[in-house]
Every structure is written in C-alpha cells, then in structure tokens.
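As they're listed, the protein sequences go chains A and B. If you read the first sequence in the numbering used here, its first letter stands for residue 2, the second for the next number, and so on. If you read the second sequence in the numbering used here, its first letter stands for residue 133, the second for the next number, and so on. Glycine included, each C-beta is placed from N, C-alpha and C at the ideal position. On a predicted model such as this, the values are computed, not experimentally measured, just so you know. What follows is one structure encoded as structure tokens, with my remarks underneath.
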Amino acid sequence: GENVEQHPSTLSVQEGDSAVIKCTYSDSASNYFPWYKQELGKRPQLIIDIRSNVGEKKDQRIAVTLNKTAKHFSLHITETQPEDSAVYFCACGSNYKLTFGKGTLLTVNP
Amino acid sequence: GAVVSQHPSWVICKSGTSVKIECRSLDFQATTMFWYRQFPKQSLMLMATSNEGSKATYEQGVEKDKFLINHASLTLSTLTVTSAHPEDSSFYICSARDPQLETQYFGPGTRLLVL
Chain A
2 GENVEQHPST
12 LSVQEGDSAV
22 IKCTYSDSAS
32 NYFPWYKQEL
42 GKRPQLIIDI
52 RSNVGEKKDQ
62 RIAVTLNKTA
72 KHFSLHITET
82 QPEDSAVYFC
92 ACGSNYKLTF
102 GKGTLLTVNP
Chain B
133 GAVVSQHPSW
143 VICKSGTSVK
153 IECRSLDFQA
163 TTMFWYRQFP
173 KQSLMLMATS
183 NEGSKATYEQ
193 GVEKDKFLIN
203 HASLTLSTLT
213 VTSAHPEDSS
223 FYICSARDPQ
233 LETQYFGPGT
243 RLLVL
C-alpha cells in the first residue's frame, strides 16, 4: 500500500517568516494530494489540494508544489501568522482513498 | 466547503457496552464515507471505507465484527463500536467524499472514553 513520509515533525518560525513542509510518497498511482490543517481537538480542515496533472497551485499565502517524478510534494506558507499554528497533515491517494502523513506541528511565534 | 456533522461529539461508556456514532453529509450526497481513528498527537488512521448500499471495506487489522459500519443512505453512515473496552478509547472521525469536488470533508469527530 501507499507509504507517506512527512518532514519535519515540528517546525517553529517567527511571525512573518515562511514555513515549508515536505512529503514523499511511494505509490506512483497516487493522483490526489491534499493538505489538511488540524487545530487541537478539532476536525482536519482542507486548506489546499493538488492533482497530478498540475505542478503547482497557490491560494493567497498558501502554495503546494508537486513533483511526480520524484514522488514528493510540499506545502509553502508565506508571511506566517500566529493563527497558522496547528498540526498540518499531507495526504495522498487514488480512487478516493487517502493515506496521511504523520503530521507537522507548526508553531508561529509572535 | 461542504458540511459534515458527527454525533455525538463525545461519549463516556462502561466497558462491554456498544456505542453508535453517526456521520452525516448535510449539503451533498456522499456515496462514499470514511472512518478514521486518531490517537493523541498521532495521525489519522483509516479504519474502513463505507459505501452506500454495500458492505464496508475494512483496512488490515481492523475487526469488522467489532466496528460495525452501516451506510444506509447517501447522507448517513454509522459506526458502532461493539463491546467497547478501554483500549477502544480514541478520537473517531468520519469524512465524506463530495463526488462533484472529489474531495473529502471531515466531521468534527467523536471522543470516546471507555471506563
């Protein structure tokens, strides 16, 4: 089955700096790559996703890049704010079944 | 985004009892729903895929007789934890796949504590 590796497990940045989280996957058949943000005790919220026919997607301060050849994809958050502090999960899948990374605890220090 | 509800939000029960958790898609029809389990500070682990009108597909290591799943309509899936034990205590989260957007949206989760 699919194996997803996510790095780093924790990330601390100063407000205004950029944050980058990276994931690698094993199954070349995976064609859907969403990112979720989960605040403590709450549900994961979809923040951005990308499909295999696209190399990059941007939504305001958030961007995702995908390299299918190398089987990795990354989340980029620019101009970070304290409210960006949360656990971020990458996921990938095909036929609608998702495998999640282990998560990255992002802390944005004011 | 789409709205998915889950009920109850938390439950405390005695060991040996059964607990039913409901997952509803409120503004779209979901032919496929998913049930996940999440331990503290860990990732989401897929337990099973629930398909409307057919049997659920369970992941390896998940006991289908212990975690009963029913997807009787396009907007409702239920997970029943039978004969719950303390080791079943966890955060259970459902998600529903919006077929038009081909995206999964999560419910708010159910925190189960078995005493």
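#### Entry: Which listed residue (A:Ala92, A:Leu99 and A:Thr79) has its alpha carbon closest to that of glutamate 16 of chain A
A:Thr79
### Task
Please report how far the alpha carbon of tyrosine 37 of chain A lies from the alpha carbon of proline 172 of chain B, in whole angstroms.
17 Å
### Message
Helix, strand or coil for aspartate 159 of chain B? Go by DSSP, reduced to three states.
### Response
coil
#### Entry: Nearest-angstrom Cα separation, counted from serine 19 of chain A out to lysine 152 of chain B
43 Å
### Query
Looking at C-beta atoms only, is the number of pairs between the segment 88-95 of chain A and the segment 22-36 of chain A that lie closer than 8 Å three or more?
yes
### Message
Strictly below 8 Å CB to CB, what residues from chain A border serine 175 of chain B?
### Response
Phe90, Phe101, Gly102, Lys103 and Gly104
### Task
Go ahead and pull the three-state DSSP assignment for proline 83 of chain A.
helix
### Task
Check whether the segment 135-148 of chain B touches the segment 96-108 of chain A, counting contact only when three or more Cβ pairs, one atom from each stretch, lie closer than 8 Å.
no
### Message
Could you check whether threonine 207 of chain B and asparagine 183 of chain B sit closer than 8 Å to each other, using their CB atoms as the reference points?
### Response
no
### Message
Quick check on this structure: which residue in A:His73, A:Ala71 and A:Glu40 has the alpha carbon closest to the alpha carbon of threonine 105 of chain A?
### Response
A:Glu40
### Message
Among A:Pro45, A:Ser31 and A:Val65, whose alpha-carbon lies nearest the alpha-carbon of valine 135 of chain B?
### Response
A:Pro45
### Task
Give the single residue among B:Lys187, B:Asp230, B:Leu211 and B:Gln170 whose Cα lies nearest to the Cα of serine 157 of chain B.
B:Asp230
### Element boundaries [beta strand (DSSP E), containing aspartate 220 of chain B]
Note, aspartate 220 of chain B: premise wrong, no beta strand (DSSP E); not H, not E.
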